[in-house]
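Worksheet: one structure, shown below.
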Amino acid sequence: MQAAFEPTDQQKDEAALWHTRRAGGSLSAAQEDEFENWLNSDRNNRLAFDQMRVLWAQIEDPARRLSTNRPKMSLSRFRSWFPPHRSFAAMAGMAAIVGGIFFLQPDIIGNIQADIVTDHTTVTPIELPDGSVVQLAANSALATDFANGHRDVELLRGQAFFDVVHRNGDPFRVHTGDATIRVVGTRFNVDYLSHQTIVVVEDGAVRVSSNRDADGVLLGPGQQVAVRGDALAPLEIEDVNLALTWMKGRLSVRNMRVADLMTRLENYSDGKIVVVGKIAGRSISGSFPTTDIAGSLETVADAIGASVVKTSPWLTIIY
């Protein structure tokens, strides 16, 4: 039985919607009056809205402090947050806050594992120990292993363009969660976003394999393959340069899902971008600057008839 002063699920949903609208500053005077009427019409409406404000305060404040100062976190420090003597209530409260941080800052674990982590705004050129050079996109993370003659790197997230030097036939390998790319000397792009790996070859040849398909496929210039789980889908592309525009401060796409484009734009944003509803599956084409994410989001919204609400510096919703 529901308690006398306990919001219903519908009231919680309405409270979340009103909070989003008001945080984005998009309410007209008439809508402000509508909000006040809704708030005063039922005590549980006000309670639901107050709970929503408290929830976002708990989530956003740790995320804000984390986004302005991102030291690598040691496992021992993480464990210190949860000492054995801490009460269950305190543990539950901390778990809720940490859950909020991981929602708004999902890259924490990757940053801990990485040797190189880039910021949200710049493309970073990095010379590797063997003389190869990688252009690492904004908000990308790379782990390296060049010990004992190895030439292995792992792209934990993001995008990277590799210019690999030939060294006595020793293979150079790039690993992602989905794929292994093996080369001797070539230039190629690896996109590890949207829950898949996309490899595009500009020059030379690479062999891309998955966890199940060890032989994989051999790609030459102008070819690409998408790897998701165990499936490999090779195909020709019309313009290799289109896939490399991120190195010049733009994302140029053709018939890309809106959700996938938002994942890429989020890589250049300090906050999380959430797509709500059926628009996530719609296709879009265009060229979007990575130096003006707010402008790019408005351009996308205009193109597909959607709306953009920035609830805080750390969360933007497009619906």
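If you use the working numbering, the sequence shown corresponds to residues 1030 to 1348, in order. Glycine residues also receive a C-beta, built at the ideal position from the N, C-alpha and C atoms. Predicted, not measured: the structure shown is a model, and the values here were computed from it.
Open item on the list: Please identify the residue among Leu1165, Asn1177, Leu1261, Lys1041 whose C-alpha is closest to the C-alpha of leucine 1076.
Closed with: Translated into the one-based positions of the sequence shown, residue 1076 becomes position 47. Cα-wise, what sits closest to leucine 1076 is Lys1041.
Task: CB of asparagine 1218 within 7 Å of CB of phenylalanine 1190, strictly - done: Position 189 of the sequence shown holds residue 1218. Position 161 of the sequence shown holds residue 1190. Their beta carbons are under 7 Å apart, which means asparagine 1218 touches phenylalanine 1190 by this criterion.
TODO: Please confirm whether serine 1325 and asparagine 1284 have their CB atoms less than 7 Å apart.
DONE: Within the sequence shown, the letter at position 296 stands for residue 1325. Within the sequence shown, the letter at position 255 stands for residue 1284. No, the Cβ-Cβ distance between serine 1325 and asparagine 1284 is not below 7 Å.
Open item on the list: Three Cβ pairs or more, each shorter than 8 Å: is that satisfied between the region 1233-1240 and the region 1205-1219?
Closed with: yes
- [ ] May I have the straight-line CA-CA distance separating valine 1203 from lysine 1307, to the nearest angstrom?
- [x] Reading the sequence shown from its first residue, position 174 is the one you call residue 1203. Reading the sequence shown from its first residue, position 278 is the one you call residue 1307. Distance between the alpha carbons of valine 1203 and lysine 1307 is about 35 Å.
TODO: Assess, as a yes-or-no matter, whether the region 1317-1337 is touched by the region 1292-1301 under the definition of 3 or more beta carbon pairs within less than 8 Å.
DONE: yes
Task: Of the residues Thr1037, Glu1035, Thr1049, Ala1044, the one placed nearest threonine 1340, counting alpha carbons only - done: The residue you call residue 1340 lines up with position 311 of the sequence shown. For the residues Thr1037, Glu1035, Thr1049, Ala1044, the minimum Cα distance to threonine 1340 belongs to Thr1049.
Open item on the list: Less than 7 Å between the C-beta atoms of tyrosine 1221 and leucine 1264, yes or no?
Closed with: What you label residue 1221 is simply residue 192 of the sequence shown in a count that begins at 1. What you label residue 1264 is simply residue 235 of the sequence shown in a count that begins at 1. It is not a contact, given that the beta carbons lie outside the stated cut-off.
- [ ] Using 10 angstroms around the beta-carbon of lysine 1305, count the other beta-carbons present and answer buried if the total reaches 16, otherwise exposed.
- [x] Locating residue 1305 in the sequence shown gives position 276, where the first residue counts as 1. Contrary to the premise, residue 1305 reads as valine rather than lysine in this sequence. The residue in question, valine 1305, is exposed, as its Cβ has fewer than 16 Cβ neighbours within 10 Å.
TODO: Quick one: give me the first and last residue of the alpha helix (DSSP H) that asparagine 1270 is part of.
DONE: Sequence index remark: in the sequence shown, residue 1270 carries index 241 (1-based). Here the alpha helix (DSSP H) through asparagine 1270 covers 1269-1272.
Task: Residue from Ser1070, Ala1058, Gln1080, Ala1059 with nearest C-alpha to alanine 1045 - done: As a position in the sequence shown, residue 1045 is number 16, starting the count at 1. It is Gln1080 whose Cα lies nearest to the Cα of alanine 1045.
Task: Boundaries of the alpha helix (DSSP H) in which valine 1287 is found, first to last residue - done: Mapped onto the sequence shown, residue 1287 falls at position 258. Element bounds for valine 1287: 1287-1295.
- [ ] Hey, could you find the ends of the beta strand (DSSP E) proline 1329 is sitting in?
- [x] As a working mapping, residue 1329 is identified with position 300 in the sequence shown. In the sequence as presented, proline is not what sits at residue 1329; that position holds valine. Premise fails: valine 1329 lies in the alpha helix (DSSP H), 1322-1333, not in any beta strand (DSSP E).
Task: Candidates Ile1266, Glu1267, Leu1261, Val1230, of which the one nearest glycine 1249 by Cα - done: Here residue 1249 is taken as the residue at index 220 of the sequence shown, counted from 1. It is Val1230.
TODO: Over the uninterrupted beta strand (DSSP E) stretch that includes phenylalanine 1201, give me the two end residues.
DONE: Taking the first residue of the sequence shown as 1, we reach residue 1201 at position 172. 1201-1204 is the extent of the beta strand (DSSP E) around phenylalanine 1201.
Open item on the list: Taking its Cβ as the centre, do 16 or more other Cβ atoms sit within 10 Å of glutamine 1253, making it buried, or is it exposed?
Closed with: Looking up residue 1253 in the sequence shown gives position 224. So glutamine 1253 counts as buried.
TODO: Locate the beta strand (DSSP E) running through asparagine 1218, then write down its first and last residues.
DONE: Stepping through the sequence shown from its first residue, residue 1218 is reached at position 189. 1216-1222 is the extent of the beta strand (DSSP E) around asparagine 1218.
Task: Closest Cα partner of valine 1228 within the set Ala1255, Leu1247, Asn1240 - done: Along the sequence shown, read from residue 1 onward, the residue named residue 1228 stands at position 199. Closest option to valine 1228, Cα to Cα, is Ala1255.
Open item on the list: From the DSSP secondary-structure annotation, give me the bridge partner or partners of arginine 1211.
Closed with: If you number the sequence shown from 1, residue 1211 lands on position 182. In DSSP, arginine 1211 forms a bridge with Arg1202, Arg1236.
TODO: With DSSP collapsed to three states, give me the class of glutamate 1063.
DONE: Position 34 of the sequence shown, counted from the start, is the residue given in the question as residue 1063. The answer is helix: DSSP assigns glutamate 1063 an H, G or I state.
Open item on the list: Among Ala1166, Leu1171, Asp1159, whose alpha-carbon lies nearest the alpha-carbon of glycine 1198?
Closed with: Sequence index remark: in the sequence shown, residue 1198 carries index 169 (1-based). Taking only the C-alpha atoms, the option nearest glycine 1198 is Asp1159.
Task: Counterpart residues of aspartate 1181 in DSSP-defined beta bridges - done: Sequence index remark: in the sequence shown, residue 1181 carries index 152 (1-based). Paired residues: Asp1174, Arg1202.
Open item on the list: Using only CA atoms, which one of Leu1171, Ala1243, Gly1251 lies nearest to glycine 1258?
Closed with: Here residue 1258 refers to the residue found at position 229 of the sequence shown. Considering only alpha carbons, the answer is Ala1243.
TODO: Classify proline 1036 as buried or exposed, calling it buried when 16 or more other Cβ atoms lie within 10 Å of its own Cβ.
DONE: Stepping through the sequence shown from its first residue, residue 1036 is reached at position 7. So proline 1036 counts as buried.
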